[in-house]
Amino acid sequence: MFESNFDSLPTIQQIRELALLAEQFDLTYNIHLPIDISISDSNASVRRSAVDTLKRIIGLTSYLSPSTYTLHISYDEDSRDKESVNRWQELVYKSVDELLRTGIQNQTISVETLSYPFDWLEEIIKTFRLSVCIDIGHLLVNGFDVKKVFDKHSGNTSIIHLHGVENKKDHVSLNMLPLEQMDQIIGILKRYYGVVSLEVFSFENLTTSLTFLEKYWKNSDI
Numbered sequence: 337m338f339e340s341n342f343d344s345l346p347t348i349q350q351i352r353e354l355a356l357l358a359e360q361f362d363l364t365y366n367i368h369l370p371i372d373i374s375i376s377d378s379n380a381s382v383r384r385s386a387v388d389t390l391k392r393i394i395g396l397t398s399y400l401s402p403s404t405y406t407l408h409i410s411y412d413e414d415s416r417d418k419e420s421v422n423r424w425q426e427l428v429y430k431s432v433d434e435l436l437r438t439g440i441q442n443q444t445i446s447v448e449t450l451s452y453p454f455d456w457l458e459e460i461i462k463t464f465r466l467s468v469c470i471d472i473g474h475l476l477v478n479g480f481d482v483k484k485v486f487d488k489h490s491g492n493t494s495i496i497h498l499h500g501v502e503n504k505k506d507h508v509s510l511n512m513l514p515l516e517q518m519d520q521i522i523g524i525l526k527r528y529y530g531v532v533s534l535e536v537f538s539f540e541n542l543t544t545s546l547t548f549l550e551k552y553w554k555n556s557d558i
């Protein structure tokens, strides 16, 4: 659910149908909360609206008993100086506090790695006992050390987003990744026992990613 407008959300009937499919085929779901809203906006009314939207969507999809709700916390400031980051952290803190006051279970919210250093959010995650969504593609495309992030947060990671990167473009097929990066990723996956989501947005990229992953997994000596 990358968009929050009404037409992009499933209906109650569709939610019920998804629940029946889960029961019939032994499926589980994870929910990606919208990315077109901001809980860190400098405008208080925008933040309140974002939190209200999150509450509504979590309530709508709770019937599916999702493994996690992945939260996309954007950083939209022009500056990355300490003062700007501190101000942003304060706004995020207030919004997360408001969101959790409704009784939502802390650990069901997984905070996603994005384009900024993830340690900016570590204290908030620790304070509110949230979980982590390690988006490997985001880490790669932004030049972060994937293994370092995983080693630090593996015990609190509820989901991994996996996708390829090519020419600074992410969310492409895994077969676009260099083999040395796949070695590192396979090493991480073999140490991880939680949910992995192949976050590619076409059937072709999905099938090529699954084929590549299966082949590389079998041939890996890690």
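Following this note's numbering, the numbering of the sequence shown begins with 337 at its first residue and continues without gaps.
Just so it is clear, CB atoms sit at the ideal spot from N, CA and C, and this is done for glycine as well.
Which of helix, strand or coil does DSSP assign to residue i?
{"i": "residue 507", "result": "strand"}
{"i": "residue 489", "result": "helix"}
{"i": "residue 448", "result": "strand"}
{"i": "residue 461", "result": "helix"}
{"i": "residue 374", "result": "coil"}
{"i": "residue 440", "result": "coil"}
{"i": "residue 413", "result": "coil"}
{"i": "residue 362", "result": "coil"}
Leaving out the 5 sequence neighbours to the left and right, which residues in its chain are closer than 8 Å to residue i when beta-carbon positions are compared?
{"i": "residue 399", "result": "351, 352 and 355"}
Along the chain, where does the alpha helix (DSSP H) that runs through residue i open and close?
{"i": "residue 567", "result": "In the structure as shown, the chain starts at 337 and stops at 558, and residue 567 therefore has no counterpart that could be examined."}
{"i": "residue 523", "result": "515-525"}
{"i": "residue 388", "result": "380-397"}
In terms of alpha-carbon separation, which member of the options lies closest to residue i?
{"i": "residue 541", "options": "468, 347, 500 and 414", "result": "500"}
{"i": "residue 432", "options": "409, 346 and 423", "result": "409"}
{"i": "residue 553", "options": "392, 510, 374 and 345", "result": "510"}
{"i": "residue 535", "options": "421, 488, 528 and 469", "result": "469"}
{"i": "residue 452", "options": "390, 417, 467 and 446", "result": "417"}
{"i": "residue 348", "options": "361, 366, 376 and 393", "result": "393"}
{"i": "residue 463", "options": "472, 471, 443 and 374", "result": "443"}
{"i": "residue 515", "options": "411, 538, 549 and 438", "result": "549"}
Sorted by chain position, which residues of the same chain lie with C-beta nearer than 7 Å to residue i's C-beta, five sequence neighbours on each side aside?
{"i": "residue 475", "result": "449, 482 and 485"}
{"i": "residue 460", "result": "425, 428, 429 and 432"}
{"i": "residue 520", "result": "482 and 483"}
{"i": "residue 397", "result": "351 and 367"}
{"i": "residue 421", "result": "456"}
So who's on the other strand from residue i, going by DSSP bridges?
{"i": "residue 497", "result": "471 and 533"}
{"i": "residue 502", "result": "505"}
{"i": "residue 367", "result": "405"}
Start and end of the beta strand (DSSP E) containing residue i?
{"i": "residue 279", "result": "Here the chain comprises residues numbered 337 to 558, so residue 279 is not present and cannot be evaluated."}
With a threshold of 8 Å between beta carbons, is residue i in contact with chain B?
{"i": "residue 407", "result": "The structure shown contains no chain B; it holds only a single protein chain."}
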